[in-house]
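2 protein chains.
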Amino acid sequence: MNTIIQPRVLKGFRDFLPNAEAARKSIISTLEHDFRLHGFAPIDTPMLEYTEVLLGKGGGDTDKQIYRFEDNGGRDVALRFDLTVPFARYMAAHRAELYLPFKRYHIAKVFRGENTQRGRYREFMQCDFDIVGTDCASADFEILLLIVRSLESLQVPAIDVHIAHRGIFNRLLNRLGIQEHSAEVLRRVDKLKKIGRDQTHALLVELMPAQAADEIMSYIHAEGGNAAVLERITELAGGPDENTERLSQVLRFAEELGIQDSVVLDPSITRGLDYYTGIVYESFLRDLPEIGSVCSGGRYNDLASIYTKEHIPGVGASIGLDRLIAGLEELGALKDTTAAPDVVIICQDESLLGHYHNLADQFRAAGVSAEVYPESRKIPAQFAFAEKKGSPYVAICGLSEHEAGVLNLRRISDRTNFDGLSLEAACEIIRSAAPTTQVHTKE
Amino acid sequence: MNTIIQPRVLKGFRDFLPNAEAARKSIISTLEHDFRLHGFAPIDTPMLEYTEVLLGKGGGDTDKQIYRFEDNGGRDVALRFDLTVPFARYMAAHRAELYLPFKRYHIAKVFRGENTQRGRYREFMQCDFDIVGTDCASADFEILLLIVRSLESLQVPAIDVHIAHRGIFNRLLNRLGIQEHSAEVLRRVDKLKKIGRDQTHALLVELMPAQAADEIMSYIHAEGGNAAVLERITELAGGPDENTERLSQVLRFAEELGIQDSVVLDPSITRGLDYYTGIVYESFLRDLPEIGSVCSGGRYNDLASIYTKEHIPGVGASIGLDRLIAGLEELGALKDTTAAPDVVIICQDESLLGHYHNLADQFRAAGVSAEVYPESRKIPAQFAFAEKKGSPYVAICGLSEHEAGVLNLRRISDRTNFDGLSLEAACEIIRSAAPTTQVHTKE
């Protein structure tokens, strides 16, 4: 009866301690603010769905990774493994209630039972944003702009969004007569950044004549700035067409908005998946490219074809939140977020607890987060409590201060005392010194 | 191959459309702001846990309602059915990294395979806040204060938080010699509001002598204001003790903070569960009490006893978000939240799309959410799009406006035109008219 159960969590699953969770919430809240500013609307879908609904499209690899079971009602159900499939189902189900083009974002947990090595988790947060119901350069650009602007809002030091166009690449493959290998070619090209030029070439000649492999290498390694690269790949693919014009238009928009320095036309970007049909995106921290893309996506031809006959094209991207947070941390660009309140009100005299709660209430009304130490304990112990938590200030008020209608503030970092303050004066000091505390910033 | 899969969701699970999700997010964000102001820190735990860890304490009813299965690694796992059990496990696992008293909040989804009738869902959001590691009046009061303040922030018209004390009630039962039936007595008393006085009495006499039932009825129906009720139940329980003093202290704090009009000492509140040992809370919308408690909780003696030998007392409450939102809606107190952007920039001339994106970028920099209609289409159709979405304004800019560096704004509600505006002037108009739009308000 009194056996202790070990409080363990499943492999690949995580608890978040207060400061880590506060940091994650702060980042999500900044992203959401940007998504809303750009006209993207929030939606939500269930964590659990009919397996048939989730796996309808391409079981394949996903099958083994999925958390699938029979519920108590005998239904074959599964935890969602991404936010794209549920979004497709959502569009088919709610088409009549929504207006196209529809712009949505969705930040939520997904589940994959895959190997947990190398910072991969079985439960992780995805952060998707898409524009569906239109196939045009303006929408392709809008996703690019939102990638740049949202990462700017997170104060990511510098970002390079690499873009390419799958349609142009496919035309090259057609011209070379190897379109039937396109999926395999894409997969091998996708390894370029990892395995280098020579090995990629070696992999390609397994599939095609050496000259075709040379042309592909030349295509994916075009250099000399966006304009020169566009010219080169246009030529290799067989001249201008609507896809090269589309890419050109997106690049012109980027110039007009002044974000061209964050955009790299990089024909080696393919995004492996067969899924994409047009522009594709990968985004790298300029000072930490080795961690890989922190935001990827592209244009797809038909989102919801397995649920509806209506043709719904779309374009979107997904921020890899865990990787981005790890990257920001490594770059020292993670805002110093603490879950601790601005001020801990020391319980110096238990008979004044009502007054302490009153002070806390007034602090909060002024936007300063405050906590009352709830019972008598030696002052140094209470002070140590506030310090360990990470609160920047403690407030101290004994009987004489209470009678005089004042309080004393102590800054924990350097033990500076500010004595005999009014509540307003105390708020002033706290606010001026702690501008980054979560509660004050726009969320 | 082209079979259409029906885009259905599981019974008891829900999609959230943009406006509903925006409303829910706005409420959560207001609550989180308050929790943080009060010094409560966010945490997170996995959706999926070892079944042993979740069910260790009291399988009982929960067993049948749980989503439990074997994962691909052969582990017996289950979706969490509340946030309390994971919190207990979390405290045992991370005790060394946290400082007591620890105040946490957790707003997240939980899963129960129960009957879906009467607005109950199988996937729903819980919103818990607790103070653990201390057993004192100050913490009991702080939970009460946070219930009142957070519901005030949501502009709930009027709220009554009913409180009682399980320890005092248990003393009465002891005095009456029926402590061995206490769980069953609590369950029956808990029905008072539903079945009325007479039937409750009838249920009680099944368990005890008529005189004891009379005393219990007298106890749970004490009247005449908080002070009189406290006096009466103190007397019935056998005179003052630390529990009556605790309740008295909480009521004094409430007076000192000026929230006494929202606090009702109501000895009929028992919260059924054996779990609670001290103060208990239930909160009702004064103008809609029939929907039941929108925020309930209480003090428990030992949170994590199945995972650790350390004794961790606590007190907390949980907001029933679905019920609260339904209640606010019924009272017309749900802030009119729209997921639509403040302004849709009409695509009047496709050659100006870059300029439109520039305008949108400037709107956003000024805090106004903006969306560019991404391609040419008849103006009335674009206008209708903005209207159906719920955007309050469209911006129109043709070649001549572009040359003059101005734009025209049209208010959709009354078709008022504001012509020849600078961007600043347009922002001014939009901001002055749409003060409640999500993006502008503190979140």
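Protein chains in written order, with the numbering used here: chain A, 4 to 446; chain B, 4 to 446.
Glycine included, C-beta positions come from ideal geometry on N, C-alpha and C.
Does the beta-carbon distance from residue i to residue j come in below 7 Å?
i         : j         : result
Gln-351/B : Gly-401/B : yes
Leu-206/B : His-184/B : no
Pro-160/B : Ala-336/B : yes
Phe-16/B  : Tyr-70/B  : no
Ala-342/B : Pro-21/B  : yes
Asn-177/A : Gly-116/B : no
Ile-272/B : Glu-285/B : yes
Val-371/B : Ile-432/B : no
Thr-54/A  : Asp-79/A  : yes
Val-375/A : Tyr-396/A : no
Asp-143/B : Ile-262/B : no
Ser-379/A : Glu-353/A : yes
Ser-29/A  : Thr-340/A : yes
Ile-219/B : Ile-171/B : no
Assign residue i to buried or exposed, taking buried as 16 or more other Cβ atoms, counted over all protein chains shown, within 10 Å of its Cβ.
i         : result
Ala-44/A  : buried
Gln-129/B : buried
Glu-145/A : buried
Arg-174/B : buried
Ile-451/A : A question about residue 451/A goes unanswered here, because the residues of chain A that appear run from 4 up to 446.
Glu-245/B : exposed
Gly-241/B : exposed
Glu-333/A : exposed
Pro-383/B : exposed
Ala-436/A : exposed
Asn-118/A : exposed
Asn-420/B : exposed
Asp-264/A : exposed
Gln-182/A : exposed
Gly-300/B : buried
Thr-6/A   : exposed
Ser-321/A : buried
Since I believe residue j is in contact with residue i (beta carbons under 8 Å), could you give me their beta-carbon distance rounded to a whole number of angstroms?
i         : j         : result
Tyr-108/B : Asp-131/B : 7 Å
Pro-344/A : Gly-42/B  : 4 Å
Asp-18/A  : Tyr-124/B : In fact, because the Cβ distance is near 26 Å, the residues do not count as touching under 8 Å.
Phe-287/A : Asp-163/A : 5 Å
Ser-2/B   : Val-346/B : Here chain B comprises residues numbered 4 to 446, so residue 2/B is not present and cannot be evaluated.
Leu-324/A : Ser-153/A : At roughly 12 Å, the Cβ-Cβ gap does not stay under 8 Å, so Leu-324/A and Ser-153/A are not in contact.
Val-192/B : Pro-49/A  : The pair is not a contact, with the Cβ atoms about 37 Å apart (cut-off 8 Å).
Residue i by DSSP, collapsed to three states: which one?
i         : result
Pro-383/A : helix
Arg-107/A : strand
Gly-170/B : helix
Arg-200/A : helix
Arg-115/B : coil
Thr-419/A : strand
Met-50/A  : coil
Phe-388/A : helix
Glu-378/B : coil
Glu-313/A : coil
Ile-162/B : strand
Ile-322/B : strand
Asn-304/A : coil
Leu-426/A : helix
Glu-238/A : helix
Have a look at the options and flag the residue whose alpha-carbon is nearest the alpha-carbon of residue i.
i         : options                                       : result
Ile-8/B   : Glu-52/A, Val-12/A and Ala-25/A               : Glu-52/A
Arg-274/A : Ala-111/A, Glu-187/A and Glu-238/A            : Glu-187/A
Thr-311/B : Ala-99/B, Val-12/B and Lys-28/B               : Ala-99/B
Phe-256/B : Lys-197/B, Ser-416/B and Leu-148/B            : Leu-148/B
Ile-315/A : Phe-105/A, Ile-46/A and Lys-14/A              : Phe-105/A
Asp-269/B : Ala-23/B, Leu-291/B and Ala-231/B             : Ala-231/B
Ala-95/A  : Gly-136/A, Thr-247/A, Ser-296/A and Phe-127/A : Gly-136/A
Gln-252/B : Ile-150/B, Ser-141/B and Asp-290/B            : Ser-141/B
Gly-59/A  : Ser-29/A, Ala-91/A, Thr-237/A and Glu-218/A   : Ala-91/A
Tyr-222/A : Val-12/A, Leu-157/A and Ala-167/A             : Ala-167/A
Glu-155/B : Glu-73/B, His-36/B and Arg-200/B              : His-36/B
Tyr-303/B : Leu-40/B, Ala-81/B and Asp-133/B              : Asp-133/B
Cys-430/A : Ala-398/A, Ile-415/A and Ser-321/A            : Ala-398/A
Do we get a CB-CB distance below 7 Å when we pair residue i with the residues of chain D?
i         : result
Lys-391/A : Judged by its chain identifiers, the structure shown contains no chain D, and its protein chains are A and B.
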